[in-house]
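From first to last, the protein sequence lines stand for chains A and B. Those letters in the first sequence? Residues 524 to 727, per our numbering, in order. Those letters in the second sequence? Residues 3 to 563, per our numbering, in order. In this text, a Cβ means the ideal position worked out from N, Cα and C, and glycines have one as well. Note that the coordinates shown come from a computational prediction; the quantities given were computed from them, not determined experimentally. In what follows, a structure is listed as structure tokens, so that the remarks can point back to it.
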Amino acid sequence: MHRRELLKLIASATGVAMVGGDALAYTLRDPVPLSETLFNKTDVAFINEASEVIVPATDTPGAKAANVGATIAVIVTDCYPPALQKTFREGLTAINTASQKQFGEAFISLSKEQRLTLFNKLDSEATAYNTARGIYGIESSKPSRWEAGTTFTPPHYFTLLKQLTLFSFFTSETGATKTLRYVPVPGYYDGDLDYKEGDKAWAT
Amino acid sequence: MATNDYDAIVVGSGISGGWAAKELTEKGLKVLMLERGQNIEHIKDYKNAHKEAWDYPHRDLPTQEMKDNYPVLKRDYPLNESTFGMWANEKDNPYVEKKRFDWYRGYHVGGRSLLWGRQSYRLNKADFEANSKEGIAVDWPIRYEDVAPWYDYVEKFAGISGSRDGLDVLPDGQFQPPMPLNIVEKDVAARVKKAFKGARHIIPGRTSNMTEAKPDEGRVNCQYRAKCWLGCPFGAYFSTQSSTLPAAMKTGNLTLRPFSIVKEILYDKDKKRAVGVEVIDAETNETYVFKSRLVFVNASAFNSAWLLMNSATDVWEGGLGSSSGELGHNVMDHHFRVGAYADAEGYDDKYHYGRRPTGFYVPRFRNWGTDKRDYVRGFGYQGSASRQGWRRGVAELGVGADLKDALSSPGPWQIGMTAFGEMLPYHENRIYLDKNVTDKWGLPVLAMDVAIGENEIKMRKDMQQDAVEMFEAAGMTNVRGFESDYAPGMGIHEMGTARMGRDPKSSVLNAHNQVWDAPNVFVTDGACMTSGSCVNPSLTYMALTARAADFAVSELKKGNL
Ligand SMILES: Cc1cc2nc3c(=O)[nH]c(=O)nc-3n(C[C@H](O)[C@H](O)[C@H](O)COP(=O)(O)OP(=O)(O)OC[C@H]3O[C@@H](n4cnc5c(N)ncnc54)[C@H](O)[C@@H]3O)c2cc1C
Ligand code: SF4
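Right, here's the structure in full:
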């Protein structure tokens, strides 16, 4: 017999339920499989390659190693309203178009240097595009700030990619533990700690 | 049925209900605590306590579906993956917004004691006298001195850390050592003190995060993870689960019944006493009656008023306590979301270790001492200084290794603070039953009709200006004042719906939190507040609950109830 039914039975017999039961509090959310997103494996691989240009591997792992593509697929599917999903999707195509235009090749075929050149250009374009429309501060805000049903002007697709990459990277285990300072149980607080250049920031 | 008879019934298991259960059981009463939501066991059920951002599929962001299902919660920060399931289900538990009202509820054992911000301050002497002196609403029937010993009592047990500052405006208490200010906050505190000649203070936040262990209660001191609202595996902050519930359980006198929606207090009009309560089982929809000699109503300010409104309606159409004409009226919250932030330059060689679950506090200074404004009462600030993290983004760096390196290092120090202002008790600010709308169990729901008034609007100017002025005086740069929109309820400090007073004609409760019309019914949560002060209120609910429980038991023994 299920515990809940057992509880009901006890409750109806005495009016007093036992303390306990299967608490549904702090709902545990299952990982979202790729098949439930708007993206396929090729998309995720592409996003990983693109994100790696924004946050490359240096002496610590980069966006690809953190598999930010998979996280971005889930966030765009579940946390974005349709208008932004469209902007983001079209952006993936637009990256290739821009790549063809500048280098005559698809993005995936570009060298590291070419990718960086292309993305720095897209980044400047994005800033100009957003400024012209009075859209500010997206990079440092949360990817979920938009609501379904509200009207808004979507920012440049590249800004979305950049924000999603930074967010997904720094909240990933790789980003938080290898690139940032991560201590699960600090144990004490010191508000006057000496800092030298190069020391890492705390993961939040 | 014999098992349905108790000495006392406590409605609700949150901050105030937990205290009622502890005090009454420790004094030997057989107590039934009724809680409308599910049980959550200490530690065992804190399922996300050890999770990190990467363990959540959406990295703790709310999804569009969550936003659709929680149209109120999504208006502010509480809607996220890590605390999902800990907020009252808005589809099952609707309410009516005559005017916008943001109601953040936790319906489960422990109530909002598991989710609260833990800031714990005493009201001061003037708080209890202000209504009378200024001719506003009604006078509190008690004074600071009546509550002071009970503040002592609850602080010791709950475990509050804080500094002793010797300020009349914010009385000291039985504190554990404070959580320290960081280097920037300390310097700013010293400069503010000097610039305002000792009239303004920046002190460590007084918080129910313990800096010393309580081995006898099985509680460890805080480990500086700042994940309090996921439940603390160390029992290091005050919650029903970590503190009052185990004490009550230890007596062997407590029965806790989750999934029990108390829908009515049963009233004997001849004896003028409550005789028990009627409960709907939230899971089975069956109805039960439980009898008792005492009823403590601790369902949180609005739900306690709701319960009174649904009780003894055959005697008073507006419910138990409505003979005063004040039941559901005088709603208060603390208005906030206004303040300032600034850059703190010159601290690039300093950082911090650990995640401190509190910040600094600025006690009220307006309309205090010789200060006189064009409004009454005042406000305090809560804030902190810290170095920015990766979320700051750095637009100038474009993309690539430089951007990554920059964001992997701490950014500049920033300091910010938000004011919490006192809201006056206006009779026209009220909640009432809307019988046309019902919840999942067919019960009528509350309608909210609350707005801030002139006094608050004037105060908000100072709340911003003074913050700017203080940061400027402390040599901060790039000082920016802010005001984001505030809707009543966002302060999550609902108060006043069954106020205490000296006259049954203008108050619902007397000086001992007894309902005038039913002396064996005690309401000791935020509903009882006659005025709101500007400090976070929950410590006061704890003190008033312990005080009322002591009185109730002595009256019971004397045969007066
Ligand atoms: C995010 C957040 C931050 C906060 N920060 C602070 C802070 O820093 N300092 C501070 O002082 N306060 C703070 N608060 C407010 C604080 O949580 C409340 O003041 C406090 O919990 C109120 O205690 P209570 O016992 O009245 O109600 P609650 O703790 O809300 O408990 C009420 C209980 O009653 C139950 N209940 C309701 N109706 C019924 C019914 N009909 N039958 C049976 N059971 C019922 C509910 O399910 C709930 O468990 C904060 C709150 C939140 C949400
Ligand atoms: S910060 Fe302290 S009180 Fe909060 S969860 Fe961590 S250890 Fe517990």
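Which residues bound the beta strand (DSSP E) around A/Glu572?
-> Locating residue 572 of chain A in the first sequence gives position 49, where the first residue counts as 1. Per DSSP, A/Glu572 belongs to no beta strand (DSSP E); it is in the alpha helix (DSSP H), Lys564 to Ile577.
Going by other Cβ atoms of all chains shown within 10 Å of its Cβ, with 16 needed for buried, is A/Gln686 buried or exposed?
-> Position 163 of the first sequence, counted from the start, is the residue given in the question as residue 686 of chain A. Sixteen is the threshold: when 16 or more other Cβ atoms of the shown chains lie within 10 Å of the Cβ of A/Gln686, as they do, the residue is buried.
Are there three or more Cβ pairs, one per stretch, closer than 8 Å when the stretch 233-252 of chain B is compared with the stretch 47-65 of chain B?
-> yes
Residues near B/Val134 by beta carbon distance below 6 Å, same chain, minus five either side = Counting from 1 along the second sequence, the entry for residue 134 of chain B is found at position 132. Reading off the sequence, residue 134 of chain B comes out as Ser, not Val. The answer, listed in chain order, is Asp141.
Residues of chain A with CB under 7 Å from B/Tyr48, in chain order?
-> Start at 1 with the first residue of the second sequence, and residue 48 of chain B comes out as number 46. Within chain A, the residues near B/Tyr48 are Tyr549.
Any heavy atom of ligand 1 within a distance shorter than 6 Å of the CB on A/Pro605?
-> On the first sequence, residue 605 of chain A is found 82 positions in, with the first residue counted as 1. No.
Roughly how many angstroms separate the alpha carbons of A/Thr682 and A/Ala629, rounded to a whole number?
-> Taking the first residue of the first sequence as 1, we reach residue 682 of chain A at position 159. Taking the first residue of the first sequence as 1, we reach residue 629 of chain A at position 106. Looking at the two C-alpha atoms, the distance is approximately 20 Å.
State yes or no: is the C-beta of B/Phe236 nearer than 6 Å to some heavy atom of ligand 2?
-> In the second sequence, the residue the question calls residue 236 of chain B occupies position 234. Yes.
Taking the alpha carbon of B/Thr526 as the point to measure from, which residue in B/Asn538, B/Thr542, B/Gln416 and B/Ala520 has its own alpha carbon closest?
-> Start at 1 with the first residue of the second sequence, and residue 526 of chain B comes out as number 524. It is B/Thr542.
May I ask you to list, following chain order, the residues of the stretch 128-144 of chain B that have a beta carbon less than 8 Å from some beta carbon of chain A?
-> Across the stretch 128-144 of chain B, no CB contact with chain A closer than 8 Å is found for any residue.
Buried/exposed call for B/Glu398, threshold 16 Cβ in 10 Å | On the second sequence, position 396 is the one that residue 398 of chain B refers to. Exposed is the call here.
Quick one: what does DSSP say B/Gly423 is sitting in, helix, strand or coil?
-> Stepping through the second sequence from its first residue, residue 423 of chain B is reached at position 421. Reduced to three states, the DSSP call for B/Gly423 is strand.
When you compare each of A/Ile598, A/Cys602, A/Glu575 and A/Thr600 to A/Ala589 by their alpha carbons, which one comes out closest?
-> In the first sequence, the residue the question calls residue 589 of chain A occupies position 66. Per the Cα distances, A/Glu575.
Hey, does A/Val578 have any beta-carbon neighbour from chain B nearer than 7 Å?
-> The residue you call residue 578 of chain A lines up with position 55 of the first sequence. With 7 Å as the cut-off, A/Val578 counts as an interface residue toward chain B.
B/Glu458 classed as buried or exposed, judged by whether at least 16 other C-beta atoms fall within 10 angstroms | On the second sequence, position 456 is the one that residue 458 of chain B refers to. Per the 10 Å Cβ criterion, buried.
Boundaries (first-last residue) of the alpha helix (DSSP H) holding B/Asp407 | Indexing the second sequence from 1 puts residue 407 of chain B at position 405. That run of the alpha helix (DSSP H) goes Ala403 to Ser410.
With 16 other CB atoms within 10 Å as the buried threshold, where does B/Asp104 fall?
-> Indexing the second sequence from 1 puts residue 104 of chain B at position 102. Result: buried.
Consult DSSP for B/Asn562 and reduce its assignment to one of helix, strand or coil.
-> Here residue 562 of chain B refers to the residue found at position 560 of the second sequence. Looking at B/Asn562 - three-state DSSP - the assignment turns out to be coil, as it is neither helix nor strand.
A/Ser691: first and last residue of the uninterrupted alpha helix (DSSP H) it sits in | Here residue 691 of chain A corresponds to residue number 168 of the first sequence, with the count starting at 1. A/Ser691 -> alpha helix (DSSP H) spans Tyr680 to Phe693.
Of the residues A/Val578, A/Ile658, A/Cys602 and A/Thr616, the one placed nearest B/Ala403, counting alpha carbons only = Position 401 of the second sequence holds residue 403 of chain B. Looking at the Cα atoms, A/Val578 is the closest of the given residues.
Amino acids of chain B, ordered along the chain, whose beta-carbon sits closer than 9 Å to that of A/Lys587 | Here the question's residue 587 of chain A lines up with position 64 in the first sequence. Simply none; closest approach about 13 Å.
Tell me whether B/Ile144 sits in a helix, a strand or coil according to DSSP, three-state version.
-> Locating residue 144 of chain B in the second sequence gives position 142, counting from the first residue. Reduced to three states, the DSSP call for B/Ile144 is coil.
So is A/Thr674 buried or exposed if we call it buried at 16+ other beta carbons inside 10 Å?
-> The sequence position of residue 674 of chain A within the first sequence is 151, counting from 1. Burial call: exposed.
Interface partners of A/Lys564 on chain B, CB under 9 Å = Translated into the one-based positions of the first sequence, residue 564 of chain A becomes position 41. Those within 9 Å of A/Lys564 in chain B number zero; the least Cβ separation is about 18 Å.
List, in order along the chain, the chain B residues whose C-beta lies closer than 7 Å to that of A/Thr727?
-> Counting from 1 along the first sequence, the entry for residue 727 of chain A is found at position 204. For a Cβ distance threshold of 7 Å, residue set Gly391 of chain B lies close to A/Thr727, ordered along the chain.
Keeping to the same chain, check which residues put their C-beta closer than 6 Å to that of A/Tyr584; ignore five residues upstream and five downstream.
-> For the purposes of this step, residue 584 of chain A is taken as residue 61 along the first sequence, with counting starting at 1. One point to set straight first is that residue 584 of chain A is Pro, not Tyr, in the sequence displayed. Same-chain partners within the cutoff: Thr697 and Lys701.
Return the Cβ separation of B/Phe484 and B/Ala421 in integer angstroms, given the expectation that the two are a contact with Cβ distance under 8 Å.
-> Along the second sequence, read from residue 1 onward, the residue named residue 484 of chain B stands at position 482. Along the second sequence, read from residue 1 onward, the residue named residue 421 of chain B stands at position 419. About 11 Å; that fails the 8 Å criterion.
Three or more C-beta pairs below 8 Å linking the stretch 213-224 of chain B and the stretch 175-191 of chain B | They touch, by the three-pair rule.
Any non-hydrogen atom of ligand 1 closer than 6 Å to A/Asn590 Cβ | In the first sequence, counting from the first residue as 1, residue 590 of chain A sits at position 67. Answer for A/Asn590: no, Cβ out of range of ligand 1.
Can you name the residues of chain A whose CB is closer than 7 Å to the CB of B/Pro182?
-> For this step, residue 182 of chain B is matched to residue 180 along the second sequence. The answer, in chain order, is Tyr712 and Gly714.
Give a yes or no on whether the minimum CB-CB distance between A/Tyr718 and chain B is below 7 Å.
-> Walking along the first sequence from the start, residue 718 of chain A turns up at place 195. A/Tyr718 counts as touching chain B.
Under 7 Å, do B/Thr253 and B/Ser115 count as touching if we go by C-beta distance?
-> Against the second sequence, residue 253 of chain B aligns to sequence position 251. Against the second sequence, residue 115 of chain B aligns to sequence position 113. For B/Thr253 and B/Ser115, no; Cβs fall outside 7 Å.
Nearest to B/Gly207 by alpha carbon, out of B/Arg124, B/Pro151, B/Ser244 and B/Thr257?
-> Taking the second sequence and counting its residues from 1, one reaches residue 207 of chain B at position 205. B/Gly207 has its Cα closest to that of B/Arg124, out of B/Arg124, B/Pro151, B/Ser244 and B/Thr257.
In the DSSP assignment, what residue or residues form a beta bridge with B/Phe177?
-> The residue given as residue 177 of chain B occupies position 175 in the second sequence. DSSP output for B/Phe177 lists no bridge partner at all.
Have a look at A/Gly592 and B/Asp57 and give me their C-alpha separation to the nearest angstrom.
-> Numbered from its first residue, the first sequence carries residue 592 of chain A at position 69. Numbered from its first residue, the second sequence carries residue 57 of chain B at position 55. Rounded to the nearest angstrom, the gap between the Cα atoms of A/Gly592 and B/Asp57 is 16 Å.
What do you reckon, is the C-beta of B/Pro359 under 6 Å from a heavy atom of ligand 2?
-> Here residue 359 of chain B refers to the residue found at position 357 of the second sequence. At least one heavy atom of ligand 2 is nearer than 6 Å to the Cβ of B/Pro359, so yes.
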